[in-house]
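Residue numbers (our numbering), protein chains in the order written: chain A, 8 to 214; chain B, 8 to 214.
The structure under discussion appears below in the form of structure tokens.
Protein chains: 2
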Amino acid sequence: MTRRIDPYQHQANPLLVVISGPSGVGKDMTISRLKEMGYPFHFVVTATTRPKRPTEVDGIDYFFVSMSDFAELIENEELLEHAIVYGDYKGIPKAQVREALASGRDVIMRIDVQGAATIRRLVPEAVLIYISAESEEALIRRLKNRKTEPEGQLKMRIATARQELKWLEIFDYVVINAEDQLDETCHKIAAIILAEKCRVQQREINL
Amino acid sequence: MTRRIDPYQHQANPLLVVISGPSGVGKDMTISRLKEMGYPFHFVVTATTRPKRPTEVDGIDYFFVSMSDFAELIENEELLEHAIVYGDYKGIPKAQVREALASGRDVIMRIDVQGAATIRRLVPEAVLIYISAESEEALIRRLKNRKTEPEGQLKMRIATARQELKWLEIFDYVVINAEDQLDETCHKIAAIILAEKCRVQQREINL
Numbered sequence: 008m009t010r011r012i013d014p015y016q017h018q019a020n021p022l023l024v025v026i027s028g029p030s031g032v033g034k035d036m037t038i039s040r041l042k043e044m045g046y047p048f049h050f051v052v053t054a055t056t057r058p059k060r061p062t063e064v065d066g067i068d069y070f071f072v073s074m075s076d077f078a079e080l081i082e083n084e085e086l087l088e089h090a091i092v093y094g095d096y097k098g099i100p101k102a103q104v105r106e107a108l109a110s111g112r113d114v115i116m117r118i119d120v121q122g123a124a125t126i127r128r129l130v131p132e133a134v135l136i137y138i139s140a141e142s143e144e145a146l147i148r149r150l151k152n153r154k155t156e157p158e159g160q161l162k163m164r165i166a167t168a169r170q171e172l173k174w175l176e177i178f179d180y181v182v183i184n185a186e187d188q189l190d191e192t193c194h195k196i197a198a199i200i201l202a203e204k205c206r207v208q209q210r211e212i213n214l
Numbered sequence: 008m009t010r011r012i013d014p015y016q017h018q019a020n021p022l023l024v025v026i027s028g029p030s031g032v033g034k035d036m037t038i039s040r041l042k043e044m045g046y047p048f049h050f051v052v053t054a055t056t057r058p059k060r061p062t063e064v065d066g067i068d069y070f071f072v073s074m075s076d077f078a079e080l081i082e083n084e085e086l087l088e089h090a091i092v093y094g095d096y097k098g099i100p101k102a103q104v105r106e107a108l109a110s111g112r113d114v115i116m117r118i119d120v121q122g123a124a125t126i127r128r129l130v131p132e133a134v135l136i137y138i139s140a141e142s143e144e145a146l147i148r149r150l151k152n153r154k155t156e157p158e159g160q161l162k163m164r165i166a167t168a169r170q171e172l173k174w175l176e177i178f179d180y181v182v183i184n185a186e187d188q189l190d191e192t193c194h195k196i197a198a199i200i201l202a203e204k205c206r207v208q209q210r211e212i213n214l
């Protein structure tokens, strides 16, 4: 659904922005940098069953929950979207998104490409941004540097990244997160959000 | 026409950007400020038969031409679009736009609302931006301050501005040029252009 804006009563609708892209492209880094830069967005905290990495903080980077708690969230339909990503469950708490939008804030969430496709189906007016590396070689290099996964998973992530490129057309925008250009990436995401707020046909989000 | 972008061969198409809006809203000021800010756009120089204002420079602000020369431009189909605006002819030289686009540069042109509607029909993939005042009172105040027109024309411009608002839905974006917020206006226009360059479905301009 969209509504035409009245320029003399200019009130842009809050947006639901999805940051997605292949594993290793820098989704988490991008979100962290956007936070640091002080943009007034609501950053969704995803619930996950995957183990906490040493640098992560519960309730800030993710809500780290047990398999049993996650099952309950699904059961009670408290998740906007959930998926198994490399054996771990991840899900978007519905109430958190709804409350942030109701308060008039733009909501940003980071999801894998499969999850973004689900959001596109459930919330057609979401703004979908695909973060891409500048080349496949660059993506592989970054995955190797990450060193958080065993060798077998690396091959799996590369194969998956190739498949995910075929989903590009469900996205509205693609932003190249080139090596050492994180601020440029964040600047482009902010520009996309600002431009969307100027659209004559405003996106209306209904959850 | 659109084409899907390839993120690993990321080459954004040059854009045709139309800056429009009611008389007095600050289209010329906006264009001047964008130039000062050093954005690498090609700013179209419009041909017009209207008398030069004291601060204007021929070939920079407009090409000031005689009625007879203008008639020749029409005759030879050398104008992308032309219209009579308050008794004066204005037109967009076609070759200038084509050459700038061919060199890969984004092209920005300032046209009245009637002209923007023509561009939408002739070049559906143009990016149309409507510049609006924050309120009708603000617009009238600015028209009065301009003091370049006699009283009768002022009434005409106000009536026209009201009619033009009905054309808003042919535009892609609306930017409020609020009093003393010219830099903010230019910042939003730049954001719109940057966002458009990140679109997965790239606009293809055929003149």
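Backbone N, C-alpha and C fix where the C-beta goes; we use that ideal spot for every residue, glycine too.
Cross-chain neighbours of residue i in chain B, by beta carbon under 7 Å
| i | result |
| --- | --- |
| A90 of chain A | Neighbours of A90 of chain A on chain B: none; closest Cβ ~22 Å, over 7 Å. |
| R169 of chain A | Near R169 of chain A there are no residues of chain B at all, since even the closest Cβ is about 11 Å away, more than 7 Å. |
Contact set between residue i and chain B, taken where Cβ atoms lie within less than 8 Å
| i | result |
| --- | --- |
| A202 of chain A | Y180, K195, A198, I199, L201, A202 and E203 |
| V207 of chain A | Y137, L175, E176, F178, D179, Y180 and V181 |
Helix, strand or coil at residue i [DSSP, three-state]
| i | result |
| --- | --- |
| I212 of chain B | coil |
| R128 of chain A | helix |
| R4 of chain B | No information on residue 4 of chain B is available, as it lies outside the stretch 8 to 214 that chain B covers here. |
Interface residues of chain A facing residue i [CB-CB closer than 7 Å]
| i | result |
| --- | --- |
| S142 of chain B | Y15 |
| I126 of chain B | Residues of chain A passing the Cβ test: none, with the nearest at roughly 15 Å. |
Contact set between residue i and chain B, taken where Cβ atoms lie within less than 9 Å
| i | result |
| --- | --- |
| I12 of chain A | L175 and V181 |
Within the segment 9-53 of chain A, note down every full alpha helix (DSSP H) run reaching 4 residues or more, in order along the chain. DSSP assignment within the segment 9-53 of chain A yields the following whole alpha helix (DSSP H) runs of 4 residues or more, N-terminal first: 34-43.
Contained beta strand (DSSP E) runs [length at least 3] in the segment 61-121 of chain A, N- to C-terminal order: With a minimum length of 3 residues, the continuous beta strand (DSSP E) runs that stay inside the segment 61-121 of chain A are 69-71, 86-92, 95-100 and 114-117.
Counting only runs of 4+ residues fully inside the segment 155-192 of chain B, write out the alpha helix (DSSP H) ranges in chain order. List check, alpha helix (DSSP H) in window: 158-171.
The segment 119-134 of chain A contacting the segment 42-52 of chain A, beta-carbon criterion three pairs below 8 Å: Segment contact: the segment 119-134 of chain A against the segment 42-52 of chain A, fewer than three CB-CB distances shorter than 8 Å; contact not assigned.
Does the segment 93-107 of chain A come within contact of the segment 51-58 of chain A, defined as at least 3 CB pairs closer than 8 Å? Touching, yes, given that three or more Cβ pairs across the two stretches are closer than 8 Å.
Do the segment 170-183 of chain A and the segment 180-188 of chain B make contact, defined as three or more Cβ pairs closer than 8 Å? Touching, no.
So, does the segment 193-213 of chain A touch the segment 198-206 of chain B, judging by three or more C-beta pairs under 8 Å? Remark: three or more beta-carbon pairs, one from each stretch, lie closer than 8 Å, so the segment 193-213 of chain A and the segment 198-206 of chain B are flagged as touching.
Is there contact between the segment 11-29 of chain A and the segment 164-177 of chain A, where contact requires at least three CB pairs shorter than 8 Å? Segments in contact, yes.
Do the segment 138-148 of chain A and the segment 8-15 of chain B touch if we need at least three Cβ pairs shorter than 8 Å? Yes, they touch.
Could you tell me whether the segment 31-39 of chain A touches the segment 77-86 of chain A, using the rule of 3 or more Cβ pairs below 8 Å? They do not touch, by the three-pair rule.
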